[in-house]
Amino acid sequence: MMFSVEHNISRKRSKSCMIVWAMVELMRNPMVMRKAQEELRTIIRDKSFIEEEDLPKLEYFRVVVKETFRLQLTDPLLILRETFEKCRIQRYDILPKTLLVLNVWQLVEILNLGISQKRLCLKGRDFKLIPFRAGRRICPGMILGVATFEIALANLLYSLDWELPSSLKKEDIDYDVVPGIAMHKKNPLCLMAKKFSPKI
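Per the UniProt record's numbering, residue 1 is the first one in the sequence shown, and the count goes up by one each step.
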C-alpha cells in the first residue's frame, strides 16, 4: 500500500522534477542549450511567452524534450498489471495475483548499450516516451503532461539566459538522486537567470 501511495504522489511532482533534470542536461551540454534557445527565439518572435500552439514548430526543442525523458526517468519503476493465473516467463514461475513491475531504468540501460548515459544524443528519429507506458496501458494524461512540461521548459529557455554561478563548472553538476520511487535530484541545481534581451 505504501508503494502505491508514494508512486501516486511522485507522479504529481514529476513535471517539476523533469524540468530540473532537463536543466541539468542542458547546463552540462551548453551547445545543445544554445541551439534550443536559438530555435525558440528565431521561430517564435514578437511574443512575450510560448503557447501550446507554438510547440509543433519547434522540431529541435521537442527532440531535446524526448531525449531528456530517455536520459532522466522520473519514475524508474512502472506498475504494469496483476496476473490472473499462474504463468511462466522464461524460467520464472509467476503466481496468480502477482503485481508485475517493469524496471524502466534497467530497460533503458539495456537499450542504450554503447551510448553514454551522460550526454544528449540527438541523432535518429525513434524517440519513444517509455515513462508513459505503451499500448492499452498507456497513461491517459500523457499528452497533457508532456505539453505542460514542454511549455514550462520552452518559456524558461525563451525568456531567460541561464548561467552557472562563478564558483561552479558544468562538471560540478551531479546526478545524485534522493532514494525513493521518483528520481528527484538530491542536491539543488543552483543557476543564475538573466532576462533575455534581443540584439537590435
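Think of the CB as a built atom: it goes at the ideal place given N, C-alpha and C, for glycine as much as any other residue.
Can you list, in chain order, the residues of its chain whose CB lies under 7 Å from that of Thr148, leaving out five sequence neighbours each side?
-> On the sequence shown, residue 148 is found 148 positions in, with the first residue counted as 1. Excluding sequence neighbours, Thr148 sits near Lys15.
Straight-line Cα distance separating Lys195 from Thr68 = Working through the sequence shown from its first residue, we reach residue 68 at position 68. Working through the sequence shown from its first residue, we reach residue 195 at position 195. Distance from the CA atom of Thr68 to the CA atom of Lys195, rounded to whole angstroms, is 24 Å.
If you scan the segment 169 to 194 from start to end, which runs of the alpha helix (DSSP H) of 4 or more residues do you find wholly inside it?
-> none
CB Ile173 to CB Leu189, shorter than 8 Å?
-> The sequence position of residue 173 within the sequence shown is 173, counting from 1. The sequence position of residue 189 within the sequence shown is 189, counting from 1. Yes. Within cutoff.
On the premise that Leu58 lies in contact with Leu40, defined as a C-beta separation below 8 Å, what is that separation, rounded to the nearest angstrom?
-> Here residue 40 is taken as the residue at index 40 of the sequence shown, counted from 1. Here residue 58 is taken as the residue at index 58 of the sequence shown, counted from 1. That pair is a contact at about 7 Å.
Contacts around Thr94, its chain only, beta-carbon distance under 6 Å, and the 5 residues preceding and following it disregarded | Here residue 94 corresponds to residue number 94 of the sequence shown, with the count starting at 1. This sequence places Ile at residue 94; Thr is not what is there. Hits under 6 Å: Thr83, Cys87.
Host alpha helix (DSSP H) of Glu38 (start-end) = Against the sequence shown, residue 38 aligns to sequence position 38. Looking at the DSSP string, the run of the alpha helix (DSSP H) that includes Glu38 is 30 to 43.
How would you call Asp46, buried or exposed, if buried means at least 16 neighbouring beta carbons within 10 angstroms?
-> Within the sequence shown, residue 46 is the residue found at index 46, counting from 1. Per the 10 Å Cβ criterion, exposed.
CA-CA distance, Pro96 and Cys17?
-> To locate residue 96, count along the sequence shown from 1; it is residue 96. To locate residue 17, count along the sequence shown from 1; it is residue 17. Distance between the alpha carbons of Pro96 and Cys17: 35 Å.
Residue from Lys169, Ala182, Pro198, Val178 with nearest C-alpha to Leu191 = Within the sequence shown, residue 191 is the residue found at index 191, counting from 1. Nearest of Lys169, Ala182, Pro198, Val178 to Leu191, Cα basis: Lys169.
Please go through the same chain and pick out, in chain order, the residues whose beta-carbon is closer than 7 Å to the beta-carbon of Glu85, but skip the five residues on each side of it.
-> Position 85 of the sequence shown holds residue 85. Counting only Cβ-Cβ distances below 7 Å, and skipping sequence neighbours, we find Pro96.
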